[in-house]
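One structure is given here, and the rest of the page talks about it.
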Amino acid sequence: MATIDRQATTLALAHALSAAERGLAVIPLSRTKLPALRSPHRDDPTAPPCHGECGRFGHGVYDASTDPRRIRELFAAAPWATGYGIACGLEPHHLIGIDLDTKSGTDSSSALRELALRHLFTIPATVVVVTPSGGRHVWLSGPPDVVVPNSAGRLAPGIDIRGAGGYLVGPGSRTEHGVYSTAPGTAHLSPAPCPPSLLRLLMPPPRSHHPTPASTGQHGQGLVQFVLAAHEGQRNTRLFWAACRAYENGIGPNLVAPLVDAAIHTGLTEREARATIASAARMTGHHP
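Everything in the sequence shown is counted per our numbering, starting at 790 for the first residue and increasing by one.
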(Lines of atoms letter the chains of each structure in order from A and count residues from 1; the text may use other names and numbers.)
(Lines give C-alpha, C1' and ligand atoms only; values in the text may rest on other atoms or scores of the structure.)
Protein backbone atom coordinates (compact mmCIF):
# COMPACT_ATOMS: atom_id res chain seq x y z
CA MET A 1 0.00 0.00 0.00
CA ALA A 2 1.46 3.34 -1.03
CA THR A 3 2.21 5.76 1.78
CA ILE A 4 0.19 8.97 1.52
CA ASP A 5 2.04 12.26 2.09
CA ARG A 6 -0.77 14.76 1.74
CA GLN A 7 1.50 17.81 1.88
CA ALA A 8 3.72 16.43 -0.91
CA THR A 9 0.64 15.55 -2.96
CA THR A 10 -0.84 19.02 -2.49
CA LEU A 11 2.44 20.64 -3.57
CA ALA A 12 2.74 18.33 -6.56
CA LEU A 13 -0.79 19.17 -7.65
CA ALA A 14 -0.08 22.90 -7.32
CA HIS A 15 3.06 22.59 -9.44
CA ALA A 16 1.22 20.45 -11.99
CA LEU A 17 -1.59 23.01 -12.32
CA SER A 18 0.98 25.77 -12.75
CA ALA A 19 2.69 23.79 -15.52
CA ALA A 20 -0.66 23.22 -17.22
CA GLU A 21 -1.24 26.97 -17.29
CA ARG A 22 1.89 27.16 -19.46
CA GLY A 23 0.46 24.64 -21.90
CA LEU A 24 2.28 21.59 -20.50
CA ALA A 25 0.19 18.41 -20.23
CA VAL A 26 0.77 16.57 -16.94
CA ILE A 27 0.16 13.30 -15.09
CA PRO A 28 0.66 12.39 -11.40
CA LEU A 29 3.83 10.45 -10.52
CA SER A 30 4.74 8.32 -7.52
CA ARG A 31 7.98 8.64 -5.54
CA THR A 32 9.54 6.12 -7.96
CA LYS A 33 9.03 8.60 -10.84
CA LEU A 34 6.59 6.15 -12.44
CA PRO A 35 2.98 7.07 -13.29
CA ALA A 36 1.01 6.96 -10.04
CA LEU A 37 -2.01 5.23 -11.58
CA ARG A 38 -1.70 1.60 -12.68
CA SER A 39 -3.24 0.31 -15.87
CA PRO A 40 -6.88 -0.77 -15.53
CA HIS A 41 -6.03 -3.63 -17.93
CA ARG A 42 -3.09 -5.04 -15.93
CA ASP A 43 -5.01 -8.15 -14.84
CA ASP A 44 -6.27 -9.00 -18.33
CA PRO A 45 -3.43 -10.33 -20.50
CA THR A 46 -5.82 -10.72 -23.43
CA ALA A 47 -6.86 -7.06 -23.44
CA PRO A 48 -6.02 -5.24 -26.70
CA PRO A 49 -3.61 -2.27 -26.56
CA CYS A 50 -5.37 0.73 -25.04
CA HIS A 51 -4.11 4.31 -24.84
CA GLY A 52 -7.06 5.69 -22.94
CA GLU A 53 -9.82 4.84 -25.40
CA CYS A 54 -11.62 2.98 -22.59
CA GLY A 55 -12.14 6.28 -20.75
CA ARG A 56 -10.47 5.16 -17.50
CA PHE A 57 -7.31 6.47 -15.88
CA GLY A 58 -4.08 4.47 -15.78
CA HIS A 59 -2.63 4.82 -19.27
CA GLY A 60 0.52 6.67 -18.32
CA VAL A 61 1.47 9.57 -20.54
CA TYR A 62 -1.75 9.11 -22.54
CA ASP A 63 -3.66 10.45 -19.50
CA ALA A 64 -1.71 13.73 -19.67
CA SER A 65 -3.84 16.86 -19.78
CA THR A 66 -3.76 20.64 -19.43
CA ASP A 67 -7.39 20.73 -18.24
CA PRO A 68 -7.39 21.74 -14.54
CA ARG A 69 -10.50 19.70 -13.79
CA ARG A 70 -9.05 16.54 -15.33
CA ILE A 71 -5.73 17.09 -13.54
CA ARG A 72 -7.53 17.39 -10.20
CA GLU A 73 -9.40 14.18 -10.97
CA LEU A 74 -6.14 12.38 -11.78
CA PHE A 75 -4.54 13.48 -8.50
CA ALA A 76 -7.71 12.66 -6.56
CA ALA A 77 -7.45 9.12 -7.95
CA ALA A 78 -3.79 8.95 -6.86
CA PRO A 79 -3.56 10.52 -3.37
CA TRP A 80 -0.11 8.93 -2.94
CA ALA A 81 1.36 10.97 -5.82
CA THR A 82 4.27 13.20 -4.82
CA GLY A 83 5.26 14.47 -8.23
CA TYR A 84 4.08 15.03 -11.75
CA GLY A 85 5.28 14.17 -15.22
CA ILE A 86 5.20 16.48 -18.22
CA ALA A 87 4.30 14.75 -21.48
CA CYS A 88 6.67 15.40 -24.35
CA GLY A 89 5.79 15.93 -27.99
CA LEU A 90 2.37 17.52 -27.43
CA GLU A 91 0.97 20.89 -28.53
CA PRO A 92 1.78 23.72 -28.16
CA HIS A 93 5.45 23.25 -27.17
CA HIS A 94 6.14 19.80 -28.71
CA LEU A 95 8.54 19.37 -25.81
CA ILE A 96 11.84 17.52 -26.25
CA GLY A 97 13.84 16.63 -23.14
CA ILE A 98 17.63 16.24 -23.21
CA ASP A 99 18.38 14.18 -20.08
CA LEU A 100 22.01 14.66 -19.02
CA ASP A 101 22.69 11.86 -16.55
CA THR A 102 25.48 11.67 -13.97
CA LYS A 103 25.36 7.93 -13.31
CA SER A 104 28.11 5.43 -14.16
CA GLY A 105 30.75 8.15 -14.11
CA THR A 106 29.73 9.58 -17.49
CA ASP A 107 30.30 13.25 -18.27
CA SER A 108 27.17 13.83 -20.31
CA SER A 109 27.53 17.63 -20.25
CA SER A 110 30.94 17.38 -21.91
CA ALA A 111 29.53 14.90 -24.41
CA LEU A 112 26.79 17.36 -25.35
CA ARG A 113 29.35 20.17 -25.74
CA GLU A 114 31.44 17.95 -28.03
CA LEU A 115 28.39 17.18 -30.14
CA ALA A 116 27.61 20.88 -30.35
CA LEU A 117 31.13 21.69 -31.55
CA ARG A 118 31.16 18.84 -34.04
CA HIS A 119 27.74 19.60 -35.51
CA LEU A 120 27.87 23.40 -35.21
CA PHE A 121 24.96 24.14 -32.89
CA THR A 122 24.53 25.85 -29.54
CA ILE A 123 21.96 25.13 -26.85
CA PRO A 124 19.85 28.30 -26.54
CA ALA A 125 18.72 29.83 -23.25
CA THR A 126 15.89 27.58 -22.11
CA VAL A 127 14.32 25.82 -19.14
CA VAL A 128 16.76 23.56 -17.27
CA VAL A 129 15.64 21.26 -14.45
CA VAL A 130 18.18 19.94 -11.93
CA THR A 131 17.65 16.38 -10.73
CA PRO A 132 18.34 15.15 -7.16
CA SER A 133 21.44 13.31 -8.42
CA GLY A 134 22.88 16.46 -9.99
CA GLY A 135 21.84 15.67 -13.55
CA ARG A 136 20.02 18.12 -15.77
CA HIS A 137 16.99 18.07 -18.02
CA VAL A 138 17.25 20.58 -20.87
CA TRP A 139 13.86 21.52 -22.31
CA LEU A 140 13.57 22.30 -26.03
CA SER A 141 10.63 22.64 -28.38
CA GLY A 142 10.33 20.85 -31.71
CA PRO A 143 8.48 21.58 -34.96
CA PRO A 144 4.80 20.60 -34.94
CA ASP A 145 5.16 18.14 -37.84
CA VAL A 146 8.16 16.22 -36.49
CA VAL A 147 7.93 13.43 -33.93
CA VAL A 148 11.15 12.93 -31.94
CA PRO A 149 11.42 9.38 -30.53
CA ASN A 150 12.65 8.42 -27.08
CA SER A 151 16.17 7.03 -26.88
CA ALA A 152 18.75 6.08 -24.25
CA GLY A 153 22.45 6.62 -24.89
CA ARG A 154 22.05 6.70 -28.68
CA LEU A 155 23.22 10.31 -28.97
CA ALA A 156 26.11 9.78 -26.53
CA PRO A 157 26.73 7.88 -23.27
CA GLY A 158 24.71 9.41 -20.46
CA ILE A 159 22.40 11.38 -22.77
CA ASP A 160 18.80 10.17 -22.95
CA ILE A 161 16.13 11.76 -25.08
CA ARG A 162 12.52 12.19 -24.01
CA GLY A 163 10.26 12.62 -27.02
CA ALA A 164 6.78 11.63 -28.14
CA GLY A 165 5.28 9.08 -25.76
CA GLY A 166 7.76 10.00 -23.03
CA TYR A 167 7.65 12.39 -20.09
CA LEU A 168 9.92 14.51 -17.92
CA VAL A 169 9.69 14.75 -14.14
CA GLY A 170 8.39 18.25 -13.45
CA PRO A 171 10.20 20.72 -11.18
CA GLY A 172 8.83 20.63 -7.66
CA SER A 173 8.31 16.86 -7.76
CA ARG A 174 9.49 14.89 -4.73
CA THR A 175 10.95 11.43 -5.36
CA GLU A 176 12.73 8.77 -3.30
CA HIS A 177 16.02 10.55 -3.96
CA GLY A 178 15.00 14.17 -3.46
CA VAL A 179 13.30 17.10 -5.16
CA TYR A 180 13.54 18.24 -8.78
CA SER A 181 14.09 21.99 -9.12
CA THR A 182 14.43 24.57 -11.85
CA ALA A 183 17.98 25.81 -12.43
CA PRO A 184 18.48 29.44 -11.33
CA GLY A 185 17.55 31.95 -13.99
CA THR A 186 15.56 29.53 -16.17
CA ALA A 187 12.17 29.24 -14.46
CA HIS A 188 10.71 32.21 -16.36
CA LEU A 189 11.80 30.90 -19.77
CA SER A 190 9.79 28.96 -22.32
CA PRO A 191 11.25 25.88 -24.03
CA ALA A 192 13.53 27.24 -26.76
CA PRO A 193 13.41 25.86 -30.32
CA CYS A 194 15.65 22.85 -30.85
CA PRO A 195 18.60 23.77 -33.12
CA PRO A 196 18.08 22.16 -36.57
CA SER A 197 21.46 20.37 -36.46
CA LEU A 198 20.60 18.83 -33.09
CA LEU A 199 17.10 17.93 -34.26
CA ARG A 200 18.59 15.93 -37.15
CA LEU A 201 20.71 13.98 -34.66
CA LEU A 202 17.63 13.15 -32.60
CA MET A 203 15.77 11.57 -35.48
CA PRO A 204 16.24 7.83 -36.18
CA PRO A 205 17.89 6.74 -39.44
CA PRO A 206 15.45 5.96 -42.29
CA ARG A 207 14.03 2.46 -42.08
CA SER A 208 14.19 -0.01 -44.93
CA HIS A 209 10.67 -0.67 -46.14
CA HIS A 210 9.19 -3.95 -47.29
CA PRO A 211 5.77 -3.30 -48.83
CA THR A 212 2.84 -5.48 -47.94
CA PRO A 213 -0.43 -5.87 -49.86
CA ALA A 214 -2.34 -2.59 -49.89
CA SER A 215 -5.29 -3.66 -47.78
CA THR A 216 -6.26 -1.64 -44.74
CA GLY A 217 -8.20 -4.34 -42.90
CA GLN A 218 -8.49 -4.34 -39.12
CA HIS A 219 -5.05 -2.80 -38.64
CA GLY A 220 -6.06 0.23 -40.69
CA GLN A 221 -9.28 0.60 -38.75
CA GLY A 222 -7.34 0.40 -35.51
CA LEU A 223 -5.06 3.24 -36.62
CA VAL A 224 -8.07 5.37 -37.54
CA GLN A 225 -9.65 4.70 -34.13
CA PHE A 226 -6.34 5.61 -32.47
CA VAL A 227 -6.53 9.05 -34.13
CA LEU A 228 -10.21 9.49 -33.30
CA ALA A 229 -9.49 8.89 -29.60
CA ALA A 230 -6.98 11.77 -29.39
CA HIS A 231 -7.49 14.34 -26.65
CA GLU A 232 -6.71 17.98 -27.32
CA GLY A 233 -2.93 18.35 -27.37
CA GLN A 234 -2.41 14.80 -28.73
CA ARG A 235 -3.94 15.21 -32.17
CA ASN A 236 -0.85 15.84 -34.32
CA THR A 237 1.26 13.34 -32.41
CA ARG A 238 -1.31 10.55 -32.73
CA LEU A 239 -1.94 11.32 -36.40
CA PHE A 240 1.78 11.29 -37.18
CA TRP A 241 2.29 8.01 -35.31
CA ALA A 242 -0.67 6.34 -37.05
CA ALA A 243 0.43 7.57 -40.48
CA CYS A 244 3.98 6.27 -39.92
CA ARG A 245 2.64 2.85 -38.97
CA ALA A 246 0.35 2.87 -42.02
CA TYR A 247 3.19 3.61 -44.44
CA GLU A 248 5.47 1.07 -42.75
CA ASN A 249 2.79 -1.59 -43.25
CA GLY A 250 2.13 -0.75 -46.89
CA ILE A 251 -1.34 0.74 -46.36
CA GLY A 252 -0.37 4.42 -46.20
CA PRO A 253 -1.82 5.58 -49.54
CA ASN A 254 -5.11 3.77 -48.92
CA LEU A 255 -5.40 5.17 -45.40
CA VAL A 256 -4.73 8.84 -46.19
CA ALA A 257 -8.38 9.77 -46.67
CA PRO A 258 -9.68 7.93 -43.55
CA LEU A 259 -6.89 9.41 -41.44
CA VAL A 260 -7.61 12.92 -42.72
CA ASP A 261 -11.31 12.48 -41.93
CA ALA A 262 -10.47 11.22 -38.43
CA ALA A 263 -8.10 14.12 -37.81
CA ILE A 264 -10.70 16.65 -38.93
CA HIS A 265 -13.16 15.00 -36.55
CA THR A 266 -10.74 15.64 -33.66
CA GLY A 267 -10.40 19.33 -34.56
CA LEU A 268 -7.48 19.57 -36.97
CA THR A 269 -7.95 21.32 -40.29
CA GLU A 270 -7.62 19.34 -43.51
CA ARG A 271 -4.47 21.29 -44.34
CA GLU A 272 -2.89 20.45 -40.97
CA ALA A 273 -3.83 16.80 -41.27
CA ARG A 274 -2.43 16.41 -44.79
CA ALA A 275 0.78 18.19 -43.82
CA THR A 276 1.30 15.83 -40.86
CA ILE A 277 0.59 12.74 -43.00
CA ALA A 278 2.99 14.03 -45.66
CA SER A 279 5.68 14.39 -42.98
CA ALA A 280 5.06 10.80 -41.90
CA ALA A 281 5.38 9.65 -45.51
CA ARG A 282 8.73 11.41 -45.88
CA MET A 283 9.95 10.09 -42.51
CA THR A 284 9.27 6.50 -43.61
CA GLY A 285 10.90 6.94 -47.02
CA HIS A 286 7.82 7.56 -49.14
CA HIS A 287 6.78 10.40 -51.40
CA PRO A 288 3.37 11.74 -50.35
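Ideal Cβ positions, reconstructed from N, Cα and C, are used throughout, including at glycine.
Computed from a predicted model, the values in this text were never measured in an experiment.
CB of residue i within 9 angstroms of CB of residue j, strictly
i     : j    : result
C877  : A808 : no
D888  : L957 : yes
A1051 : L987 : no
T821  : T920 : no
P993  : S922 : no
Local conformation of residue i per DSSP, three classes
i     : result
A1070 : helix
H926  : strand
I860  : helix
A1031 : helix
A976  : coil
A1064 : helix
A981  : strand
Residues that residue i bridges to, as DSSP identifies them
i    : result
A941 : D949
T971 : V918
L957 : I875
R963 : V968
Through-space distance from residue j to residue i, alpha-carbon basis
i     : j     : result
A825  : H883  : 23 angstroms
R1034 : Q796  : 44 angstroms
S979  : V916  : 6 angstroms
P913  : E880  : 20 angstroms
A1069 : W1030 : 8 angstroms
F910  : A981  : 13 angstroms
L802  : H830  : 26 angstroms
G961  : R907  : 35 angstroms
D896  : V1049 : 45 angstroms
T855  : G874  : 12 angstroms
H966  : R859  : 28 angstroms
T971  : T799  : 19 angstroms
Limits of the beta strand (DSSP E) - the one that residue i falls within
i    : result
L818 : 815-818
Y851 : Note, Y851: premise wrong, no beta strand (DSSP E); not H, not E.
D888 : 884-889
I875 : 872-876
V935 : Element bounds for V935: n/a, residue is neither H nor E.
Beta carbon proximity, residue i to chain D, threshold 9 angstroms
i    : result
H977 : Of the protein chains in this structure there is only one, and it is not chain D.
Boundaries of the alpha helix (DSSP H) in which residue i is found, first to last residue
i     : result
R989  : 985-991
Q1081 : Given that the chain is displayed from residue 790 to residue 1077, the structure contains no residue 1081 and the question cannot be resolved.
P1042 : 1041-1055
L906  : 897-908
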